[in-house]
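Student: The structure under discussion is supplied below as structure tokens; questions concerning it will follow.
Protein chains: 2
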Amino acid sequence: MLATMRVTTTQSLFDEMLQRIQTGAWPVGQAIPSERSLMQEMGVSRIALREALSMLRSLGVLDTGHGRKSVVRRVSTELLERILPLVCALEPGGSYGQVFEVRLALETPAAGLAALRRTGADLQRLEELANEYARQETVAGHYPRTDLEFHLQVAQATHNPLITTLLNVISRYVIAVQSHSWNSGIPVAWDRAKRAHFSILEAIRAQDPDRARVEMEAHLRYTAALAPAIK
Amino acid sequence: MLATMRVTTTQSLFDEMLQRIQTGAWPVGQAIPSERSLMQEMGVSRIALREALSMLRSLGVLDTGHGRKSVVRRVSTELLERILPLVCALEPGGSYGQVFEVRLALETPAAGLAALRRTGADLQRLEELANEYARQETVAGHYPRTDLEFHLQVAQATHNPLITTLLNVISRYVIAVQSHSWNSGIPVAWDRAKRAHFSILEAIRAQDPDRARVEMEAHLRYTAALAPAIK
DNA sequence: AAATTCAACTGGTATTACCAGATCGGCCTC
DNA sequence: GAGGCCGATCTGGTAATACCAGTTGAATTT
Chain A
20 MLATMRVTTT
30 QSLFDEMLQR
40 IQTGAWPVGQ
50 AIPSERSLMQ
60 EMGVSRIALR
70 EALSMLRSLG
80 VLDTGHGRKS
90 VVRRVSTELL
100 ERILPLVCAL
110 EPGGSYGQVF
120 EVRLALETPA
130 AGLAALRRTG
140 ADLQRLEELA
150 NEYARQETVA
160 GHYPRTDLEF
170 HLQVAQATHN
180 PLITTLLNVI
190 SRYVIAVQSH
200 SWNSGIPVAW
210 DRAKRAHFSI
220 LEAIRAQDPD
230 RARVEMEAHL
240 RYTAALAPAI
250 K
Chain B
20 MLATMRVTTT
30 QSLFDEMLQR
40 IQTGAWPVGQ
50 AIPSERSLMQ
60 EMGVSRIALR
70 EALSMLRSLG
80 VLDTGHGRKS
90 VVRRVSTELL
100 ERILPLVCAL
110 EPGGSYGQVF
120 EVRLALETPA
130 AGLAALRRTG
140 ADLQRLEELA
150 NEYARQETVA
160 GHYPRTDLEF
170 HLQVAQATHN
180 PLITTLLNVI
190 SRYVIAVQSH
200 SWNSGIPVAW
210 DRAKRAHFSI
220 LEAIRAQDPD
230 RARVEMEAHL
240 RYTAALAPAI
250 K
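Here the protein sequences come in this chain order: A and B. Numbered according to the numbering used here, the first sequence spans residues 20 to 250. Numbered according to the numbering used here, the second sequence spans residues 20 to 250.
Quick look at the structure:
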């Protein structure tokens, strides 16, 4: 026997099973062997095995359920969406301005990438959202939602899921804070924002990344400047 | 009793304990009650309790160990560091290129912000790291580490913790993949990278955000182009 | 052939016991 | 009396076993 087995049984099981998933030995979307057969194969107790499984489940890579077999789930962006707010919340000094900086940094090049890669479907969806946004006349809470959807569709058009995920989380946060501060709303700002959306849309339609970047950055900076300095 | 308790015992325990941590009932850095006392207080078996605890542990909010009490840990970036490779590995298109895009998008404006906000201490640290990096002659694995440290120090100089956190995670992953592909290393690339670090340093010293951005973007694009197209 | 039922899976929970690291107080030595 | 040694007893980690409860699918019944 070794001097001391530094890692616990649970940990080694977790590593082993995670590796099987990453290497594709346990393909995504497919069921893994039952707990009973696994504890035989690996020569461990069900306790240790289940603790390792519960770690995988809490990470979102396993979809378990009472009575059915456990299947490997694709760890998609939802995991990041759960984690990022947690990190942002616990990180001290996570003020609005700092989050906005990240949004600006990400979304500006994202607009450029979207201009390069947008498909016909992307363009159509963007058009719909820009029009829907332009139709909004009321001061109702719909405003931030359609605005958000337009921006997220731009992110979607980059066809980079990581960008989409990050912007999803960050934009949601930024817009939530913004709409909170614009309790009454400023009509003239809306008109400008509506025109800005169409400008961005046209740049993306023309597949002009530089113009898309410029328009997006101007739009974001303007809306940010509207929000009265938040703490 | 309710018709059916939809959530499992483990899940409700997890929620309960996570809430205790978030509300501060179980303060960060402090030990939580022992498993035996918890299973008495909550009226559950040790199995369910331990599975919930293992979920907390896998999220990084609990620091458990053999023989000592479990203490509440602050969720730091390490959680993201563990998750991101997983997402990239399992996401079908979550390739190196997509992660690099995010790094480029974030680090370029970060260099600009660093130029505006760097303190004297930031500058000194950057200088040390650039020099240390320049001294590296061997092909040893030190190369990526000092390179990473320089870049992270640039992020640090933005004094935006969210940028620091995100770049910490993303750069780590990008550089890990890069160093993996540069098995032999290309000396001429090193020289260029060393000069690039000094160029960035000088721009930050001069507090010239535009130049810092340009230099950083050029540096990143060059090193990325070196990595032989990684699927 | 279609609907129904039931038996054999599956994962979820509970009980009990023991192992091993960590701790701290009392004891022994100096 | 002060300091180091040591073990009783805390802690979490692992194990074996049993049973509960959804799920499933094949055999049975209509």
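Don't be surprised by glycine CBs; every beta carbon is placed ideally from N, CA and C.
Near A:M36, what residues of its chain come up, given a Cβ to Cβ distance below 7 Å and the 5 sequence neighbours on each side ignored?
Tutor: Locating residue 36 of chain A in the first sequence gives position 17, where the first residue counts as 1. Excluding sequence neighbours, A:M36 sits near A71 and L75.
Student: Counting only Cβ-Cβ distances shorter than 9 Å, please list the residues of the stretch 160-182 of chain A near chain B, keeping chain order.
Tutor: For the stretch 160-182 of chain A, which is checked against every Cβ of chain B, the residues closer than 9 Å are T177, H178, N179, P180, L181 and I182.
Student: For a contact meaning CB atoms closer than 8 Å, what does B:M74 contact in chain A?
Tutor: Position 55 of the second sequence, counting from 1, holds the residue named residue 74 of chain B. Under the 8 Å cutoff, chain A gives S73, M74, R76 and S77.
Student: By the criterion of Cβ-Cβ separation under 9 Å, what are the contact partners of A:E100 in chain B?
Tutor: The count along the first sequence starts at 1 and reaches residue 100 of chain A at position 81. Chain B residues near A:E100: none, gap ~11 Å exceeds 9 Å.
Student: Counting Cβ pairs, one atom from each stretch, are 3 or more of them under 8 Å apart for the stretch 230-243 of chain B and the stretch 143-157 of chain B?
Tutor: Result no; under three Cβ-Cβ pairs closer than 8 Å.
Student: So for B:G252, helix, strand or coil by DSSP?
Tutor: No answer is possible for residue 252 of chain B: the residues shown for chain B start at 20 and end at 250.
Student: How big is the Cα-Cα spacing for A:N187 and A:V193?
Tutor: Residue mapping note: residue 187 of chain A aligns to position 168 of the first sequence, counting from 1. Residue mapping note: residue 193 of chain A aligns to position 174 of the first sequence, counting from 1. Distance between the alpha carbons of A:N187 and A:V193: 10 Å.
Student: Do you know whose CA, among B:F169, B:P128, B:R92 and B:R164, lies nearest B:A215's CA?
Tutor: Taking the first residue of the second sequence as position 1, residue 215 of chain B is located at position 196. Here the closest residue by C-alpha is B:F169.
Student: What separation, rounded to the nearest whole angstrom, lies between the Cα atoms of A:F119 and A:S190?
Tutor: Your numbering for residue 119 of chain A matches position 100 in the first sequence. Your numbering for residue 190 of chain A matches position 171 in the first sequence. Rounded to the nearest angstrom, the two C-alpha atoms are 8 Å apart.
Student: Do B:A124 and A:P228 have their beta-carbon atoms positioned less than 7 Å apart in this structure?
Tutor: Position 209 of the first sequence, counted from the start, is the residue given in the question as residue 228 of chain A. Position 105 of the second sequence, counted from the start, is the residue given in the question as residue 124 of chain B. Not in contact: A:P228 and B:A124 (Cβ atoms no closer than 7 Å).
Student: Between which two residues does the beta strand (DSSP E) holding A:V282 run?
Tutor: The displayed coordinates of chain A run from 20 to 250. Any statement about residue 282 of chain A would go beyond what the structure contains.
Student: Could you give the distance in angstroms between the alpha-carbon of B:A134 and the alpha-carbon of B:Q226?
Tutor: Residue numbering aside, residue 134 of chain B sits at position 115 when the second sequence is read from its first letter. Residue numbering aside, residue 226 of chain B sits at position 207 when the second sequence is read from its first letter. Using only the alpha carbons, I get a separation of about 4 Å.
Student: May I ask you to report which of helix, strand or coil DSSP gives B:D227?
Tutor: Stepping through the second sequence from its first residue, residue 227 of chain B is reached at position 208. Note: B:D227 maps to coil in three-state DSSP.
Student: At a CB-CB cut-off below 8 Å, which residues of chain B make contact with A:L185?
Tutor: Along the first sequence, read from residue 1 onward, the residue named residue 185 of chain A stands at position 166. Residues of chain B passing the Cβ test: V121 and L185.
Student: By DSSP's criteria, A:G84 is part of a beta bridge. Which residues make up the other side?
Tutor: Position 65 of the first sequence, counted from the start, is the residue given in the question as residue 84 of chain A. Note: A:G84 sits in a beta bridge opposite A:R87.
Student: Applying the criterion that 16 or more other CB atoms from any shown protein chain within 10 Å of the CB defines a buried residue, is A:Y241 buried or exposed?
Tutor: Counting from 1 along the first sequence, the entry for residue 241 of chain A is found at position 222. Per the 10 Å Cβ criterion, exposed.
Student: Of the choices B:T138, B:G131, B:E100 and B:K213, whose alpha-carbon is the least far from that of B:Q155?
Tutor: For the purposes of this step, residue 155 of chain B is taken as residue 136 along the second sequence, with counting starting at 1. B:Q155 has its Cα closest to that of B:K213, out of B:T138, B:G131, B:E100 and B:K213.
Student: Where B:Q38 and B:V47 are concerned, what is the direct C-alpha to C-alpha distance, given to the nearest angstrom?
Tutor: Against the second sequence, residue 38 of chain B aligns to sequence position 19. Against the second sequence, residue 47 of chain B aligns to sequence position 28. Whole-angstrom Cα-Cα distance: 13 Å.
Student: Can you check whether the C-beta of A:Q117 is within less than 7 Å of a C-beta belonging to chain B?
Tutor: Numbered from 1 along the first sequence, position 98 holds the residue referred to as residue 117 of chain A. Closer than 7 Å: yes.
Student: Buried or exposed for A:G131, please, with buried defined as at least 16 other CB atoms from any protein chain shown within 10 angstroms of its CB.
Tutor: Here residue 131 of chain A refers to the residue found at position 112 of the first sequence. Classification for A:G131: buried.
Student: On the three-state DSSP scale, how would you describe B:A195?
Tutor: As a working mapping, residue 195 of chain B is identified with position 176 in the second sequence. Three-state DSSP puts B:A195 in a helix.
Student: Does the separation of the CB atoms of A:G79 and A:L98 fall below 7 Å?
Tutor: Counting from one through the first sequence, the residue named residue 79 of chain A turns up at place 60. Counting from one through the first sequence, the residue named residue 98 of chain A turns up at place 79. Yes, they are a contact pair.
Student: Could you check which residue in A:E126, A:G139 and A:A140 has the C-alpha nearest to that of A:T184?
Tutor: On the first sequence, residue 184 of chain A is found 165 positions in, with the first residue counted as 1. Of the candidates A:E126, A:G139 and A:A140, the one whose C-alpha sits nearest the C-alpha of A:T184 is A:E126.
Student: Name the residue from A:I51, A:T29 and A:L171 whose alpha carbon lies nearest to the alpha carbon of A:L142.
Tutor: Position 123 of the first sequence, counting from 1, holds the residue named residue 142 of chain A. Of A:I51, A:T29 and A:L171, the residue nearest in Cα terms is A:L171.
Student: I believe B:V121 touches A:I102 by the beta-carbon criterion, under 8 Å. Please report the beta-carbon distance rounded to the nearest angstrom.
Tutor: Numbered from 1 along the second sequence, position 102 holds the residue referred to as residue 121 of chain B. Numbered from 1 along the first sequence, position 83 holds the residue referred to as residue 102 of chain A. About 16 Å separates the two Cβ atoms, so there is no contact after all.
Student: By the three-class DSSP mapping on this structure, what secondary structure does B:A67 have?
Tutor: Within the second sequence, residue 67 of chain B is the residue found at index 48, counting from 1. Three-state DSSP puts B:A67 in a helix.
Student: Since B:A50 contacts B:S77 with CB under 8 Å, what's their CB separation in whole angstroms?
Tutor: Your numbering for residue 50 of chain B matches position 31 in the second sequence. Your numbering for residue 77 of chain B matches position 58 in the second sequence. Contact doesn't hold; Cβ gap of about 19 Å is too wide.
Student: For the alpha helix (DSSP H) holding A:N150, just list the boundary residues, first then last.
Tutor: Position 131 of the first sequence, counted from the start, is the residue given in the question as residue 150 of chain A. Element bounds for A:N150: G139 to R154.
Student: Applying the 10 Å Cβ sphere with the 16-neighbour rule, what's the burial state of A:A174?
Tutor: In the first sequence, the residue the question calls residue 174 of chain A occupies position 155. A:A174 should be labelled buried.
Student: Are any of the Cβ atoms in chain A nearer than 7 Å to that of B:E70?
Tutor: Here residue 70 of chain B refers to the residue found at position 51 of the second sequence. True, the Cβ-Cβ gap to chain A drops below 7 Å.
Student: Establish whether the CB of A:L142 and some CB of chain B are separated by less than 7 Å.
Tutor: As a position in the first sequence, residue 142 of chain A is number 123, starting the count at 1. No - not a single Cβ of chain B is within 7 Å of the one on A:L142.
Student: On the DSSP letters alone, give me the boundaries of the alpha helix (DSSP H) that A:G116 sits inside.
Tutor: Locating residue 116 of chain A in the first sequence gives position 97, counting from the first residue. A:G116 -> alpha helix (DSSP H) spans Y115 to R136.
Student: Please tell me whether A:V91 and A:W45 are closer than 7 Å, where the distance is taken between their beta carbons.
Tutor: Within the first sequence, residue 91 of chain A is the residue found at index 72, counting from 1. Within the first sequence, residue 45 of chain A is the residue found at index 26, counting from 1. Closer than 7 Å, so yes.
Student: How would you label A:R87, buried or exposed, when you count the other beta carbons within 10 angstroms and need 16 or more for buried?
Tutor: The residue given as residue 87 of chain A occupies position 68 in the first sequence. The residue is exposed, with fewer than 16 neighbouring Cβ atoms inside 10 Å.
Student: Would you identify the three-state DSSP class for A:A44, choosing helix, strand or coil?
Tutor: Taking the first residue of the first sequence as position 1, residue 44 of chain A is located at position 25. Looking at A:A44 - three-state DSSP - the assignment turns out to be coil, as it is neither helix nor strand.
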